Amino acid sequence: MSLAATGALLGMIAGTGLVIVVVRSPRARRIRYADRVEPYLRDTPAPSRLLDERTVRERRRAGRAAPTPLAAVEALARPFLMDAARRLDRFLGGRAGLARRLTQAGGRTSVEEFRAQQVIWAVVGGLVGALLLVLRATVGIGPPPAVGVALIVAGVAGGVVAREWRLTRSIGEREDRMLMEFPTVAELLALAVTAGESPVGALERVARLTHGELGHELRLALADARAGATLVQALEGIANRTTLTSLARFVDGMAVAIERGTPLADVLRAQAVDVREAGRRQLLEAGGRKEIAMMVPVVFLVLPTTVIFAFYPALVSFTFFAQ
C-alpha cells in the first residue's frame, strides 16, 4: 500500500472517530425520557414470583453475575448498536410477524435484541468482504475492488438473512422438543385430573414436574391466569404461541371442556390416547425419511466402491491379454 493510500485510510478512521465523539457527546445528544426516569425506578422491587416463570435461583445467579472484561466495550457500543437496530427494524418492517416468531421460539429474545443480533451478524459478514479488500490492497491477492465491494454488500445482506434462518431453525427445533414432551405431559394431566385435581391444580402440578419447553408454556399460561386472565384464555395463549396442530387441538379440547362443563378427565384421557397415536405415527414417518437418507451413502459411496473392486481385476486382465 502506498503512503498516500495509508494516509487516506488513517485520516478516514480519525475523522470517523471525531464525528462519533461529537455526535455522541452529552451536549449534542438529546436526553431521552427513559434516561430521566431511570434513577427513580432503578431500585423498585422485583415483581411477584407468581407472575414470573423464572426460579429464585436463576434470579440470584443473575444478580451475582460478575462483570466481564468486555463490559466497558459493551457499554460503549450499546448506543450505536441499538440505533442501528432501530434503523434496520424500520427498513425491514414486519415487527408484528417477527414478534410472533420470537414468541414461537420461546420468547426469550425481544424484537430489539433480535435486530441488534442481526446488525452484529451483518457486521461480521461485511468484515469478511472487507478482509478480502485489505488483502487485495496490501498483498495483491484477492478479487478486484468492484467485486470486493459487492462481496461486502453480499456479506452484510447474508448476515441479516442468516440470523433469520437461524431463528427459523430454532423454532423448528423447539417445536420438535415440544412434540417429544407432549405425550408425557398429556398423560400426566389426564392422571392428575382423574385423581381429583382441579384443572388449575393439575396444570400447576405438571408444570412443577416438567422442565422442558412444554412445561415452560404451561408456566406461562399459569402466570397469565394469575395475572387476571381466565383459564380458557390462558390455554388459548398456548395454542397461539405455537404452530403445532396436535397441541392446539389438545388445548382447544381442554378449553371447550372447561367452558361447557364436560367431564375433563374423560376428555383428557381420550386426548392423551390421540396424542400417543399421533406420536407413534410421526415416529414411523421420521423412520421412513431416515431410511431414505441412509440409502444415500450406500448408493453413492459403498455401491460404486464395490463395483470398482469387482471389475478392476477383470479390466486389468483384459488389458494384459490385449497387449
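First residue of the sequence shown: 1475, per our numbering; consecutive thereafter.
Positions of the beta carbon are idealized from the N, C-alpha and C atoms, including for glycine.
A quick note: this is a predicted structure, and the numbers were derived from the prediction, not measured.
Leaving aside the five residues before and after residue i along the sequence, list all residues of the same chain whose C-beta is less than 7 Å from its C-beta, in chain order.
{"i": "A1729", "result": "V1706, L1709, E1710"}
{"i": "Q1578", "result": "I1645, R1715, T1716, T1717"}
{"i": "R1498", "result": "P1553"}
{"i": "A1559", "result": "E1586, R1589, A1590, V1593"}
{"i": "R1750", "result": "P1657"}
{"i": "E1532", "result": "Bear in mind that a pLDDT of 46 at E1532, under 50, signals an unreliable position, so the number given afterwards is only what the model happens to contain. Around E1532: no qualifying Cβ."}
{"i": "V1602", "result": "G1629"}
{"i": "A1731", "result": "L1738, V1741"}
Of the choices the options, whose alpha-carbon is the least far from that of residue i?
{"i": "A1669", "options": "G1689, L1789, R1743", "result": "R1743"}
{"i": "L1677", "options": "I1712, R1651, G1646", "result": "I1712"}
{"i": "G1581", "options": "V1680, D1509, L1694, A1746", "result": "L1694"}
{"i": "T1642", "options": "Q1591, R1560, V1674, R1575", "result": "R1575"}
{"i": "A1739", "options": "A1660, G1622, G1485", "result": "A1660"}
{"i": "T1736", "options": "H1690, L1653, P1673", "result": "P1673"}
{"i": "V1613", "options": "R1506, S1476, A1784", "result": "S1476"}
{"i": "F1724", "options": "V1747, R1734, G1702, A1703", "result": "V1747"}
{"i": "T1583", "options": "R1637, P1618, R1561", "result": "R1637"}
Using a Cβ-Cβ cut-off of 8 Å, state whether residue i counts as contacting chain C.
{"i": "G1753", "result": "Chain labels in this structure do not include chain C; a single protein chain is all it has."}
Please check the pair residue i and residue j, which I expect to be a contact at CB under 8 Å, by giving their CB distance rounded to whole angstroms.
{"i": "R1651", "j": "G1686", "result": "6 Å"}
{"i": "V1585", "j": "R1569", "result": "6 Å"}
{"i": "R1589", "j": "D1557", "result": "No, R1589 and D1557 are not in contact; Cβ-Cβ is about 11 Å, not under 8 Å."}
{"i": "A1752", "j": "S1791", "result": "About 59 Å separates the two Cβ atoms, so there is no contact after all."}
{"i": "V1606", "j": "G1632", "result": "The amino acid at residue 1606 is misidentified as Val; the sequence shows Leu. That pair is no contact at about 14 Å."}
{"i": "E1655", "j": "L1688", "result": "4 Å"}
{"i": "V1634", "j": "A1596", "result": "5 Å"}
{"i": "A1478", "j": "A1611", "result": "Not confirmed; about 12 Å, so no contact."}
Between residue i and the rest of its own chain, which residues show a CB-CB distance below 6 Å, the 5 nearest in sequence each way excluded?
{"i": "G1727", "result": "V1741, Q1745"}
{"i": "L1662", "result": "V1680"}
{"i": "E1649", "result": "L1718"}
{"i": "A1666", "result": "A1676, R1679"}
{"i": "A1468", "result": "Limits of the chain in this structure are 1475 at one end and 1797 at the other, which puts residue 1468 out of reach."}
Which same chain residues end up closer than 8 Å to residue i when comparing Cβ atoms and leaving out the 5 residues on each side of it in sequence?
{"i": "V1781", "result": "none"}
Q | Contiguous alpha helix (DSSP H) assignments of at least 4 residues, all confined to the segment 1565-1599 | A | Complete alpha helix (DSSP H) runs here, min 4: 1569-1578.
Q) At what residue ranges does the segment 1718-1773 contain a whole run of the alpha helix (DSSP H), taking only runs of 4 or more? A) Runs of the alpha helix (DSSP H) lying entirely within the segment 1718-1773, each at least 4 residues long, are 1719-1734, 1738-1771 in chain order.
**Q.** Residue ranges of each alpha helix (DSSP H) within the segment 1640-1684, 4 or longer
**A.** Counting whole runs of 4 or more residues, the segment 1640-1684 contains the alpha helix (DSSP H) stretches 1673-1683.
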